[in-house]
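I have placed the structure first, in the form of structure tokens, so that the comments after it can refer back to it.
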Amino acid sequence: QVQLAESGGGSVQAGGSLRLSCAASGSIFTINAMGWYRQAPGKQRELVATITSGGDTNYADSVKGRFTISEDNSKKTVYLQMNSLKPGDTAVYYCKAAEDWGDYWGQGTQVTVSS
Numbered sequence: 102q103v104q105l106a107e108s109g110g111g112s113v114q115a116g117g118s119l120r121l122s123c124a125a126s127g128s129i130f131t132i133n134a135m136g137w138y139r140q141a142p143g144k145q146r147e148l149v150a151t152i153t154s155g156g157d158t159n160y161a162d163s164v165k166g167r168f169t170i171s172e173d174n175s176k177k178t179v180y181l182q183m184n185s186l187k188p189g190d191t192a193v194y195y196c197k198a199a200e201d202w203g204d205y206w207g208q209g210t211q212v213t214v215s216s
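Residue numbers for the sequence shown follow this note's numbering, beginning at 102 and rising by one.
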């Protein structure tokens, strides 16, 4: 079992920055990749960024150049640095940890960007 604890959400004006953190605990050595997803009201959950245990990253086109995902392997914590935030980035952001036999999700953290 893997437990995920997210932090760092909040409210910010357009153009501002936030950093999200996701700390994994439990059976962390079986995690292959971690990532951030988001879900805005009335929309489906979508991928924001992922990072594999080898350090390979992937980003949604909408956040490329603005968001950066990184990982502290010693703490098994994943970060999402979000710069130049837009109102369209407003959503609940979820952390996910992927193993060979399934995924684990965090409870989500709200990010609100006002114009």
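Ideal placement from N, C-alpha and C gives every residue a C-beta, glycine not left out. Treat the numbers as computed from the prediction; the structure is a model and nothing was measured.
Limits of the unbroken beta strand (DSSP E) element including residue i
i	result
A115	Unbroken run through A115: none, as it is neither H nor E.
T213	T210 to S215
S108	V103 to S108
G189	Where G189 is concerned, there is no enclosing beta strand (DSSP E), given that its DSSP letter is neither H nor E.
G143	Element bounds for G143: n/a, residue is neither H nor E.
Burial state of residue i (16 or more Cβ within 10 Å)
i	result
S168	Per the sequence shown, the amino acid found at residue 168 is Phe instead of Ser. Buried, since its Cβ has 16 or more Cβ neighbours within 10 Å.
G136	buried
G207	buried
D190	buried
Residue(s) in a DSSP beta bridge with residue i
i	result
W137	A150 and C196
I170	L181
A161	DSSP, once it has assigned bridges, lists no residue as partnering A161.
D221	This structure leaves residue 221 out entirely; the chain is present only between 102 and 216.
Supposed close pair residue i, residue j - CB separation, criterion 8 Å
i	j	result
V179	C123	5 Å
S118	M183	6 Å
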